[in-house]
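Here the structure comes first, spelled out in structure tokens, and everything after it is commentary.
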Amino acid sequence: MTAPMEVYRLWWLHDARWYQGVASRYGQEAANEINAEAMRFVATRVGKQVARAHGEPIADADSATLAKLYERCADIMFPNELRDGGVTALDDELLELTMRQNFAVVMVRMAGSLDGYRCPCTEIHAGWSDGLGVTLTENRATGCLRHGDPACRLLMRVGGRS
Numbered sequence: 001m002t003a004p005m006e007v008y009r010l011w012w013l014h015d016a017r018w019y020q021g022v023a024s025r026y027g028q029e030a031a032n033e034i035n036a037e038a039m040r041f042v043a044t045r046v047g048k049q050v051a052r053a054h055g056e057p058i059a060d061a062d063s064a065t066l067a068k069l070y071e072r073c074a075d076i077m078f079p080n081e082l083r084d085g086g087v088t089a090l091d092d093e094l095l096e097l098t099m100r101q102n103f104a105v106v107m108v109r110m111a112g113s114l115d116g117y118r119c120p121c122t123e124i125h126a127g128w129s130d131g132l133g134v135t136l137t138e139n140r141a142t143g144c145l146r147h148g149d150p151a152c153r154l155l156m157r158v159g160g161r162s
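Following the numbering used here, the numbering of the sequence shown begins with 1 at its first residue and continues without gaps.
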């Protein structure tokens, strides 16, 4: 039986090859757009799965609980050993996602495409939020490993919950 990490590696190899194929045929901008669309689609599905498993209305969740729900979304999409980070509630509305390691940036760098690569992180967070039924009024990066920062830091301000 194939180990879970080997399955991940094979899918990442597939992901890297399709990204490179689209980038070489249609340009890196097209590859970035398709990548972001696909990541948001998957993230929305993951957010819905996490919301169902939570079993309580997300509208009743405080910021610490929301941070745990976003962390669960991240755990499902990206194993901890490849992202080294977490989600923290900074106040009643503001959450910060931190990653000190990002396998996607490593893979894109190894493929020689880092210069034109656009991280889909905010689209992933928007998808998780859609799936959880959370409205974000702010969703932005304040640091990125791609640019040489020591960590990716992303802020998500929660405006409402359904």
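Glycine included, every Cβ here is placed at the ideal spot set by N, Cα and C.
Note that this is a predicted model, so its numbers are computed, not measured.
Query	Result
Buried or exposed (CB count within 10 angstroms, at least 16 for buried), Thr-44	buried
For Thr-98, the residue or residues it bridges with in DSSP	Gly-86, Arg-153
Per-residue burial, Arg-140 [other beta carbons within 10 Å of its own, 16 or more giving buried]	exposed
Simplified DSSP assignment, three categories, for Arg-161	strand
Reduced DSSP category for Gly-143 - H, G, I as helix; E, B as strand; rest coil	strand
Glu-123 versus His-14, Asp-15, Glu-33, residue with shortest Cα-Cα distance	Glu-33
Whole-angstrom C-beta distance between Cys-152 and Gly-143, which should lie under 8 Å	6 Å
Pair within 8 Å by beta-carbon distance, Gly-127 and Gly-55	no
Pick from Val-158, Arg-72, Val-42 that is closest to Ala-53, judged by C-alpha positions	Arg-72
Cβ-Cβ distance between Ala-89 and Ala-61 below 8 Å	no
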